[in-house]
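Per numbering that gives the first Met the number 0, the sequence shown starts with residue 0, numbered consecutively. Even glycine gets a Cβ: it sits at the ideal position worked out from N, Cα and C. Notes to accompany the following structure.
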Amino acid sequence: MKFFKHVLISVFVLFSSLALLSAQAEPVAGKDYKLVEPAQPTSSGNKIEVLEFFFYGCGHCFHLHPELTSWERKMPKDVNLVFVPTIFRSDWEPMAYTYYALEVLGQNHNLHHDLYEAWNLKNMALTNEADISAFVAKLGVDSTKFSQAYRSFGVQSKVTRSKQLTQTYNIRGTPTLIVDGKYLITGLQPAATIKVLDELIAKARKERASKR
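Printed below as a string of structure tokens:
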């Protein structure tokens, strides 16, 4: 009889512990993330949109970059990751033009890491078109095509959109992640950022399903 009693107690303790761990896994508003008020419409259709506001010269962005890159390779199929080059000062603007110019040329993903390394490991302050064009040319980008894209109306429009998004979401620092136009993640260590990101995506997925 005592044996069964001990078994029941052990099972109760086990389930209590699992329930506690499950409760602890839930991200906490105001601590792990902030609510975007009001929530904003997304542009990723039926997919859950994740925006990363970043700057290549940001050390915290550089530290998150490997974790986010690894996550992107295996992210759920119902998620769309969008990089938003952020402009807090005029000398940040050329990097926004660079990102979108490389996007036009289909090279933004290929050179994402190189640009992070240039700023954070090689101490290269790429703040003007001439220096940037010379740098990407060394990495195999046609400098003439790069300059044409850099100065194009399409790229200018995307930079303007980046500025608008920064204001809309009241972005105060980088990196900042926005999940489905509703949840803002910033100020966490890289591993914690990815953990909360996954949890908020799951939360957004449930909310979308409940509205169908």
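DSSP beta-bridge partners of residue i
{"i": "Pro84", "result": "Phe53"}
{"i": "Thr185", "result": "Thr175"}
{"i": "Ile47", "result": "Val78"}
{"i": "Lys33", "result": "Leu183"}
{"i": "Ala28", "result": "Tyr32"}
Rounded distance between the beta-carbons of residue j and residue i, thought under 8 Å
{"i": "Leu125", "j": "Phe134", "result": "6 Å"}
{"i": "Ala38", "j": "Gly180", "result": "5 Å"}
{"i": "Ser86", "j": "Ser161", "result": "In the sequence on display, residue 86 carries Ile and not Ser. So it is a contact: roughly 7 Å between Cβ atoms."}
Beta-carbon proximity list for residue i, same chain, < 6 Å, skipping 5 on both sides
{"i": "Ala22", "result": "At Ala22, the pLDDT of 42 sits below 50, so the modelled position is not reliable and the matter cannot be decided from this model."}
{"i": "Cys57", "result": "Thr173"}
{"i": "Arg211", "result": "none"}
For residue i, the first and last residue of its enclosing alpha helix (DSSP H)
{"i": "Val103", "result": "Glu92 to Val103"}
{"i": "Tyr115", "result": "Asn107 to Asn119"}
{"i": "Gly58", "result": "Gly58 to Arg72"}
{"i": "Arg160", "result": "Phe152 to Thr167"}
{"i": "Val135", "result": "Glu128 to Lys137"}
{"i": "Gln39", "result": "Run containing Gln39: none; DSSP gives neither H nor E here."}
Candidates the options: closest to residue i by CA position
{"i": "Asn122", "options": "Ala129, Asp113 and Glu128", "result": "Asp113"}
{"i": "Leu34", "options": "Ala208, Ala203, Lys210 and Arg207", "result": "Ala203"}
{"i": "Leu183", "options": "His108, Glu48, Gly44 and Thr143", "result": "Glu48"}
{"i": "Cys60", "options": "Tyr32, Leu199 and Gly172", "result": "Gly172"}
{"i": "Lys194", "options": "Asn109, Leu176, Arg150 and Ala95", "result": "Leu176"}
{"i": "Glu259", "options": "Thr159, Gln106, Glu92 and Trp118", "result": "Lying outside 0 to 211, the shown extent of the chain, residue 259 is not represented and no answer is given."}
{"i": "Tyr115", "options": "Asp141, Ile86, Met94 and Lys144", "result": "Met94"}
{"i": "Ser89", "options": "Leu110, Val158 and Asn109", "result": "Val158"}
Nonlocal neighbours in the same chain, by C-beta distance under 7 Å from residue i, ignoring five residues either side
{"i": "Leu63", "result": "Pro174, Pro189 and Thr192"}
{"i": "Asn107", "result": "Tyr98 and Leu101"}
Chain-order list of residues whose beta-carbon lies under 8 Å from that of residue i (same chain, five-residue window excluded)
{"i": "Pro40", "result": "Gly180"}
{"i": "Leu196", "result": "Val49, Trp70, Leu176, Val178 and Ile184"}
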